[in-house]
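Sequences listed follow chains A and B, in order.
For the first sequence, my numbering begins at 122 and goes up steadily by one.
For the second sequence, my numbering begins at 122 and goes up steadily by one.
There are 2 protein chains.
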Amino acid sequence: MPATPLFRRIDVAPAYQKVADAIEREIINGRIRPGEPIGTEQQLVAQFGVNRSTVREGIRVLEEGGLIRRDSSRRLQACLPRYNKLATRLSRALILHEVTFRELFETSMTLEVASVEGAVERATEANIAELAGNLERSAVVVGNPAGLAELDAEFHVLMAKASQNRVLQLAREPAAQLFFPTTEMIVGGVPEGGARLLEAHRHILDAIKRRDKAAGVLWTRRHLQDWRRGFEKIASLDRSVEHTYMEHAYAARE
Amino acid sequence: MPATPLFRRIDVAPAYQKVADAIEREIINGRIRPGEPIGTEQQLVAQFGVNRSTVREGIRVLEEGGLIRRDSSRRLQACLPRYNKLATRLSRALILHEVTFRELFETSMTLEVASVEGAVERATEANIAELAGNLERSAVVVGNPAGLAELDAEFHVLMAKASQNRVLQLAREPAAQLFFPTTEMIVGGVPEGGARLLEAHRHILDAIKRRDKAAGVLWTRRHLQDWRRGFEKIASLDRSVEHTYMEHAYAARE
DNA sequence: TCTTATCGGCTTGTCCGACAAAGCTAGATT
DNA sequence: AATCTAGCTTTGTCGGACAAGCCGATAAGA
Chain A
122 MPATPLFRRI DVAPAYQKVA DAIEREIING RIRPGEPIGT EQQLVAQFGV
172 NRSTVREGIR VLEEGGLIRR DSSRRLQACL PRYNKLATRL SRALILHEVT
222 FRELFETSMT LEVASVEGAV ERATEANIAE LAGNLERSAV VVGNPAGLAE
272 LDAEFHVLMA KASQNRVLQL AREPAAQLFF PTTEMIVGGV PEGGARLLEA
322 HRHILDAIKR RDKAAGVLWT RRHLQDWRRG FEKIASLDRS VEHTYMEHAY
372 AARE
Chain B
122 MPATPLFRRI DVAPAYQKVA DAIEREIING RIRPGEPIGT EQQLVAQFGV
172 NRSTVREGIR VLEEGGLIRR DSSRRLQACL PRYNKLATRL SRALILHEVT
222 FRELFETSMT LEVASVEGAV ERATEANIAE LAGNLERSAV VVGNPAGLAE
272 LDAEFHVLMA KASQNRVLQL AREPAAQLFF PTTEMIVGGV PEGGARLLEA
322 HRHILDAIKR RDKAAGVLWT RRHLQDWRRG FEKIASLDRS VEHTYMEHAY
372 AARE
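Below you can see the structure in the form of C-alpha cells.
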C-alpha cells in the first residue's frame, strides 16, 4: 500500500440512497423548510437523472424517516419528524431486544421524576389548565380501567410537555409507550387502584401549581411505585416485554 | 348515523405499505427471527402477488426502519434494529425542532446520573475493564481535543452499557449524539479542560469499582457542570442546536 | 350572475418487461 | 482434491405503460 493513496474511495452507494441523501441534506440544513414542497416525482427524475422507480425508492426512505410526507393531494413536502412516529419505532426496537419491565420501570422512574421537576419549575398556566382538564376527565372514568389508563398516559405526556424540555419529552416517549399500556391491567386488577392513581395525579398537579418540587417528586415516585406493586401482583418485573403484548399495542394503533 | 354501522372502514393503504406491514408483523411477533432470511424479491413478488417495484418500495420502508437488512450477498434478512441508527433519526428530529443546548444539558444530566447509578450497582468486571481501557487510551491523547472528545463519548456509552439497562442506553443516545460533539470545542477552548475531564472519568470509574454511588453521582455531575461552564464560555445555552452544527456531524459520519 | 357539471391534463400507484453487474453453483479441468 | 470457468440467480436500474384521483378550466344550467 502506498504511503499516500493514489485514489479516493469510490462511492458505491446505490442511486436511490443518493437521492434520499441529497434531499435529506437540503432539508437538514434548512434550504427546504418544513411545509415547503419538494417537487413532483417527474421533476426529481429530471433533476437527478435517474428513473422514477429509483426516485420512488429514495422517497420511501425519507418518508419512513419522517422527513417528508405527502399532503392531501399526495404531493411531496418537507415536514418536521413527529416524535410519536419515531418513538413507535424505538418501542419496537425495545421489544425485539427483549428488554425487561424492570429496565422500563427504572428508566421511566428517572424520566418521569425529571419531567415533574421541570414541570414544577416551568409549567405555564396553559400547561396547568391542560393537566387540570385531564384530571377532571379522569375523575369521571375512574371506574373504567381502559379509559383511565389512556388518560394516565396523557397526564404524563402533558407533564413532560409542561417541563418545556423537548429533549426530555422525546427521551421519555419510547419507554412510556411500552410502560403505560400495562396501566390498564394494573388498575383493573387492583381494587382501589383507580382511586390511588387519581389521588397521585391530584397531588402532582397540586405540587406543580404550588411550585413545590419536593412534593411533586414524592408523589411521582409514589405513583410509579404503585404501578410497580400492582405489576408485581400479576407478573414478574424480570419478564421481557413480549411479542404478544406488543401485538396488542399494534392492534390498538390501527 | 345508524347505531350499528353498516360498513366497515375501507382499507385504502397502498400496496407497498401492506407489503411492509405484512413482513413487519411476521418479524415483530417472532415468526421470523432476527438473522433469518426473508426470501428473494422474486419470492415476495410471488407470495404477495404484486409487482417487484411495489415489493421493493415496501422493502425500503422496512430497511429504513431497521427491521430488515441485506447481508453480504445482498439477500434480505430480518435483524435487530440498531440503536445507533435509530438514535441518528432522533437526533435529526431534535435538530429540526430547534431544541436548545439547555434542554440537551438538562436531559443529559438526568440520564447520565441514572447511568452512573446503574453502573455502580451492576457493572460487571468486563464493563469495568472496558472503562479502564477507555481511560488508558484517553490518558494518551489528553492533549488532542478531537481524540479525547471521541473517547469521552465512548466512556459515557460504556457507562450506560455498564448500567445493564438497555432502555436507558437507548434513551440517552439521541441527546448524547448532539451533546458530546461539543466536547471537542470545549476541551480545545479551555486550558486544563482535558485534564479535568480525565480526572472526572478516573473518579467515576473508581466510584464504580468501589460501588460508591454517591461518589459516582457527584463526579458525574461535576463532569457535566464542567462541560456547561466550558460551553457557556463559547456560546449561550439558549441557542438552538443549529443546522450548521449538524452539517458537521453529518460530514463526520460519511 | 352564480352555481354545477364536465372535460382534459397532471400526478401518483402499480404493473410489465428488460438488462448489466455481482454473487453463487456446479460441472469441467488440472 | 483443489481450482477454474461457464451458467444461473438476484439485485439495482431503466424505459414505458395505464388506471385512478386531483386540479383547474371551461361549459351548462338555475
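In this text, a Cβ means the ideal position worked out from N, Cα and C, and glycines have one as well.
Bridge partners of proline 158 of chain A, per DSSP?
-> A:Gln198
Taking lysine 139 of chain B as the reference, give the member of B:Ile355, B:Ala292, B:Glu178 with the closest Cα.
-> B:Glu178
Taking the Cβ atom as the reference point for each residue, do phenylalanine 169 of chain B and phenylalanine 352 of chain B lie within a distance shorter than 9 Å?
-> no
Just the Cα atoms here: how many angstroms apart are glutamate 224 of chain B and valine 288 of chain A?
-> 6 Å
Name the DSSP bridge partner or partners of glutamine 189 of chain A?
-> According to the sequence as given, residue 189 of chain A is isoleucine; it is not glutamine. According to DSSP, isoleucine 189 of chain A bridges with A:Ala199.
Could you give the uninterrupted runs of the alpha helix (DSSP H) lying entirely in the segment 284-366 of chain B, keeping only those of 4 residues or more?
-> 287-300, 302-310, 314-331, 334-355
Select from A:Glu305, A:Asn172, A:Glu157 the residue whose C-alpha is nearest the C-alpha of arginine 190 of chain A.
-> A:Glu157
Find out if the Cβ-Cβ distance for the pair valine 241 of chain B, arginine 332 of chain B is shorter than 9 Å.
-> yes
Hey, does leucine 358 of chain B have any beta-carbon neighbour from chain A nearer than 9 Å?
-> no
If you measure from the beta carbon of proline 202 of chain B to each beta carbon in chain A, is any gap under 9 Å?
-> yes
What residue from B:Asn248, B:Val338, B:Pro302, B:Val311 has the CA that sits closest to alanine 321 of chain B's CA?
-> B:Val338
Residues, ordered as in the chain, of the segment 172-194 of chain B that lie near chain A by beta-carbon distance below 9 Å = Ser174, Arg177, Glu178, Gly179, Ile180, Arg181, Val182, Leu183, Glu184, Glu185, Gly186, Gly187, Leu188
Could you give the DSSP three-state label for threonine 175 of chain B: helix, strand or coil?
-> helix
Near-chain A residues of the segment 286-300 of chain B (beta-carbon distance less than 8 Å), N- to C-terminal order = Asn286, Arg287, Val288, Leu289, Leu291, Ala292, Arg293, Pro295, Ala296
Is threonine 209 of chain A helix, strand or coil when you go by DSSP?
-> helix
Identify each residue in the segment 145-171 of chain B for which the Cβ-Cβ distance to at least one residue of chain A is less than 8 Å, and report them in chain order.
-> Arg146, Ile148, Ile149, Asn150, Gly151, Pro155
Stretch-stretch touch, CB-based, cutoff 8 Å, three pairs: the segment 339-346 of chain A with the segment 247-259 of chain A | no
With respect to the alpha helix (DSSP H) encompassing threonine 231 of chain B, which residues constitute its N-terminal and C-terminal limits?
-> 222-243
Counting contacts by CB-CB distance shorter than 9 Å, is isoleucine 329 of chain A in contact with chain B?
-> no
Where do the N-terminal and C-terminal ends of the alpha helix (DSSP H) with isoleucine 149 of chain A fall, by residue?
-> 136-149
Option in B:Glu251, B:Arg195, B:Leu291 with minimal Cα separation from leucine 207 of chain A = B:Leu291
If you check the beta carbons only, do glutamate 251 of chain B and glycine 186 of chain B fall under 9 Å apart?
-> no
Contact set between arginine 350 of chain B and chain A, taken where Cβ atoms lie within less than 7 Å | Chain A residues near arginine 350 of chain B: none, gap ~20 Å exceeds 7 Å.
Taking 8 Å as the threshold, find out whether the segment 207-221 of chain B comes into contact with the segment 196-206 of chain A through three or more Cβ pairs.
-> yes
Cβ of arginine 129 of chain A within 9 Å of any chain B Cβ = Confidence in arginine 129 of chain A is poor, its pLDDT being 48 and thus under 50, which makes the residue's placement too unreliable to answer from.
Nearest to methionine 280 of chain A by alpha carbon, out of A:Gly309, A:Gly268, A:Asp327?
-> A:Asp327
At a CB-CB cut-off below 7 Å, which residues of chain B make contact with arginine 210 of chain A?
-> Gly186, Leu207
State yes or no: is the beta carbon of alanine 136 of chain A nearer than 9 Å to at least one beta carbon in chain B?
-> no
Nearest to glycine 264 of chain A (by Cα), restricted to the options A:Arg349, A:Glu233, A:Gln198, A:Leu319 = A:Leu319
DSSP three-state call for arginine 152 of chain A: helix, strand or coil?
-> coil
Under a CB-based cut-off of 9 Å, is threonine 304 of chain A close to chain B?
-> no
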